[in-house]
Amino acid sequence: MAIRRKRVDRNTHIDLTPEKQIIDLPPGWAFTIRCVHSGAEYHFDFTSHRARGREPLAEQMRDAIWSLRFVSAGKSLMTYFNSGIRCFWHFLDDLEQSGQVVTTLEQVDRLIIMQFVAWLALQTVQHGKNKGLPWSVSACNATYAGIKSILKNRRQHVPESINPNLNFPKNPYPNSNKRIPRREGYSAGEQERIIAACAEDLALFNANPEALSSHQVLAVHAVITVLTCGVNMTPLLEMRRDSLRSFLPDRDLLVLEKRRGYTTRTISLPKNTPEETATPITKMVGDYLRQLQQYTERFVSDADEADRPFVFLCRLADVTYSRRRGNVVRFDEVQVRNALKSFVNRHELFDDRGAPLNLSIARLRPTFALNYYLRHRDLRKLQQALGHSSILLTIQRYIPPVTPEAVRNHAFIGQAMVGWATSRDETLAIRLAADGEIPLRNATELLTGGYNTSIARCRNPFREADQVCGKFLACFRCPSMVVFEDDLYRLYSFYFRLLAERPKIPPHQWMKTFGPVIRTIDEQIAVQFDSAVVAEARQRAQSTPHPAWRNDAPLI
């Protein structure tokens with residue numbers, strides 16, 4: 024079967040009124056929307072929003088959510104409702120206390136939007152570990168984006184109800200996407216515990232397919248698939264029964280569809296061979312996907328017509344609060360989160376700090392990315408494996424600035440001599456010898472500058488056969504390295520020269536060798552000195568670098 028771009032059916036079947044008008048109104052103030060993508064149901068209730076004379080405005084918000092049901096995912100609409108509309112209503116409550124009453128859509132103009140943005144900056148977290156702290160920039164941006172999407176929908180469908188002065192600031196939260204913390208992958212020890220738990224459940228499943236609930240079976244197979252393929256959660260849960268295709272005698276093709284751009288992503292999967300049985304997960308991912316497809320075959324006949332082509336099907340328990348309890352539904356993100364939490368509790372999984380493991384698909388993908396990069400050391404291959412259109416996205420989101428091995432290999436074990444500077448005072452040399460437990464002759468040379476290196480100083484720069492050590496990069500891992508206050512000028516001259524050379528250095532080499540050096544200077548050396556001394560050394564190094572590290576000097 025040929026692999027083509029997903030075909031989008033944009034045909035509509037709407038009955039027209041005798042006046043040739045299209046009327047698409049919600050059934051009431053409370054209604055349920057079924058997501059066109061995931062099949063999950065989302066309930067909306069606007070009854071409480073009608074208070075304080077705001078029924079006309081609440082009606083417009085309700086109609087916007089209803090009209091967006093075929094455009095946006097159900098999860099996005101629920102975010103608009105919870106984060107956008109509810110917060111906007113709290114803002115209107117505070118606005119009303121100051122004497123400004125807003126009850127209709129015509130009253131919402133640019134001034135109201137700017138006041139709303141300013142109000143968001145004053146909000147604090149009410150629950151959880153961050154209680155009392157201001158909202159994050161990403162939270163403010165999500166709330167603002169939700170209400171903006173609703174107002175833009177109203178401007179498109181009922182322009183006569185929109186204030187002519189309603190427009191939006193160009194970008195009230197610049198670079199908000201770059202402020203989102205990077206998702207950290209799991210450590211080697213955590214991965215071993217996760218894989219061992221998966222292997223235990225798979226052995227139990229192979230012995231008796233009914234030993235685990237359908238949610239646990241789907242969760243285990245989802246974890247294995249993401250760890251081995253690095254796919255996102257949405258394409259994984261929307262995998263169809265014909266997504267896995269035979270390709271070559273030793274290869275399978277996994278074809279997944281992406282919502283954005285209606286594109287497809289193809290992953291080549293190796294098939295299992297008899298000798299590949301050394302790991303706890305003894306099969307290849309293609310075999311597990313076939314096994315999962317065979318397992319969920321029992322749910323196809325009971326599923327809705329629109330859900331039957333999908334692999335991730337499960338039956339809701341009769342004790343759930345959902346109105347679809349006992350029915351066969353598609354495995355959605357909420358069920359994945361709950362199933363993984365139950366999986367962690369069953370196996371008593373803990374992280375490296377001894378706390379219960381926070382197992383999520385979002386962290387398994389960075390885990391796959393880091394493992395893949397450590398094996399291949401090729402960013403282009405990693406970009407292709409993750410399905411990214413730009414290598415910059417791969418570097419920014421999935422490659423840590425410094426790998427764990429580099430942090431361990433470049434730990435600073437030298438000595439920062441705070442308050443010390445070059446001097447020829449013999450009494451200071453005697454005191455330095457006593458404090459540093461080094462011979463007096465070496466202390467004298469160290470203090471007078473005789474043992475200066477190109478970046479700092481060395482307690483004993485001599486090696487075998489009286490050769491002088493010139494490996495300045497190795498200084499950061501050498502216990503003989505000593506940094507005086509007046510050495511910061513040379514150290515930062517080297518620092519800025521290294522940053523200037525970064526575009527010429529291959530990314531893998533930078534992360535392995537040079538990136539940890541920059542981090543060591545910033546986080547382990549500079550913090551030990553007075554900030555004013557460090558700032559002066561940085562400014563001097565930038566304006567007039569040390570002769571050893573001028574731009575015209577060779578970097579050896």
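Residues in the sequence shown are numbered from 24 upward in steps of one, following my numbering.
Using N, Cα and C, we set each Cβ at its ideal position, and we do this for glycine too.
| query | result |
| --- | --- |
| What does DSSP give as the partner residue(s) for His66 in the beta ladder? | Thr55 |
| Can you check which of these residues, Arg400, Ile548 and Val367, is closest to His531 by C-alpha distance? | Arg400 |
| Would you call Arg133 buried or exposed, if buried means 16 or more other Cβ atoms sit within 10 Å of its Cβ? | exposed |
| Please report the distance separating the alpha-carbon of Leu416 from that of Ile422. | 9 Å |
| Check for me: the alpha helix (DSSP H) holding Arg293 runs from which residue to which? | According to the sequence shown, residue 293 is Pro rather than Arg. No alpha helix (DSSP H) holds Pro293; the beta strand (DSSP E) holding it covers Thr287 to Pro293. |
| Under DSSP, the alpha helix (DSSP H) around Met137 begins and ends at which residues? | Arg133 to Leu143 |
| Does DSSP classify Asp275 as helix, strand or coil? | strand |
| Reducing DSSP to helix, strand and coil, say where Asn350 ends up. | coil |
| Taking a contact to mean a Cβ-Cβ separation below 8 Å, would you say Arg520 touches Pro568 in this structure? | yes |
| Pull up the distance between the alpha-carbon of Leu339 and that of Ile541, whole angstroms please. | 53 Å |
| DSSP puts Arg268 in a beta bridge; with which residues? | Leu276 |
| With distances taken from CA atoms, which of Ala245, Phe333 and Glu320 is nearest Tyr311? | Ala245 |
| If His66 sits next to Thr55, beta carbons under 8 Å apart, how far is it from one beta carbon to the other, in whole angstroms? | 5 Å |
| Using C-beta distances below 7 Å, list every residue in its chain close to His238, excluding the 5 sequence neighbours before and after it, in chain order. | Cys337, Gln358 and Ala362 |
| Name the DSSP bridge partner or partners of Thr102? | BP columns for Thr102 are empty, so no partner. |
| How long is the line joining the alpha carbons of Pro389 and Gly208, rounded to whole angstroms? | 5 Å |
| My guess is that Val323 and Ile247 are in contact by the Cβ rule of under 8 Å, so how many angstroms apart are they, rounded? | With a Cβ gap of about 22 Å, Val323 and Ile247 do not count as contacting. |
| So, using beta-carbon positions, are Leu277 and Leu387 closer together than 8 Å? | no |
| Within the same chain, show all residues whose beta-carbon is closer than 8 Å to that of Gly79, passing over the 5 residues directly before and after it, in chain order. | Before going on, a small fix: residue 79 reads as Pro here, not Gly. These residues qualify, in order along the chain: Thr126, Thr127 and Leu128. |
| Can Val580 and Asp224 be called in contact, C-beta distance under 8 Å? | Only positions 24 to 579 of the chain appear in the structure, and residue 580 is not among them; the question remains open. |
| 8 Å is my cut-off, CB to CB: does Gly309 come that close to chain C? | This model lacks chain C altogether; it includes just one protein chain. |
| Measure how close the beta-carbons of Glu356 and Met256 come, nearest whole angstrom, since I'm counting them as under 8 Å. | 6 Å |
| Who are the near neighbours of Phe435 in its chain, counting only those whose CB is closer than 7 Å to its CB and skipping five residues on each side? | Confidence at Phe435 is low in this model, with a pLDDT of 47, below 50, so the placement of that residue should be treated as unreliable; the coordinate-derived value is given next. Excluding residues within five positions, the ones whose Cβ falls inside 7 Å are Phe499, Thr543, Gln547 and Ile548. |
| Do you know offhand how far Ser566's Cα is from Arg525's? | 19 Å |
| Can you give me the Cβ contacts of Asn164 inside the same chain, cut-off strictly under 7 Å, excluding the 5 residues immediately before and after it? | Tyr196 and Ser199 |
| Are the region 211-228 and the region 154-173 touching by the rule of at least three beta carbon pairs closer than 8 Å? | no |
| How is the beta strand (DSSP E) around Leu91 delimited, first residue to last? | No beta strand (DSSP E) contains Leu91, which DSSP labels as neither H nor E. |
| Given that a residue counts as buried once 16 or more other Cβ atoms are within 10 Å of its Cβ, and exposed if not, what is Arg177? | buried |
| Do you know offhand how far Thr300's Cα is from Phe228's? | Note that Thr300 scores 39 on pLDDT, short of 50, meaning its location in the model is unreliable; the coordinates nonetheless yield the value given after this. So the two alpha carbons sit approximately 18 Å from each other. |
| Just how far apart, CA to CA, sit Gln149 and Asn368? | 28 Å |
| For Val351, count neighbouring C-beta atoms within 10 Å of its own C-beta (all shown protein chains included) and say buried if the count is 16 or more, exposed if not. | buried |
| Pull up the CB-CB distance for Leu372 and Ile217, whole angstroms please, since I reckon it's below 8 Å. | 7 Å |
| Distance, Cα to Cα, Asn574 vs Leu409? | 38 Å |
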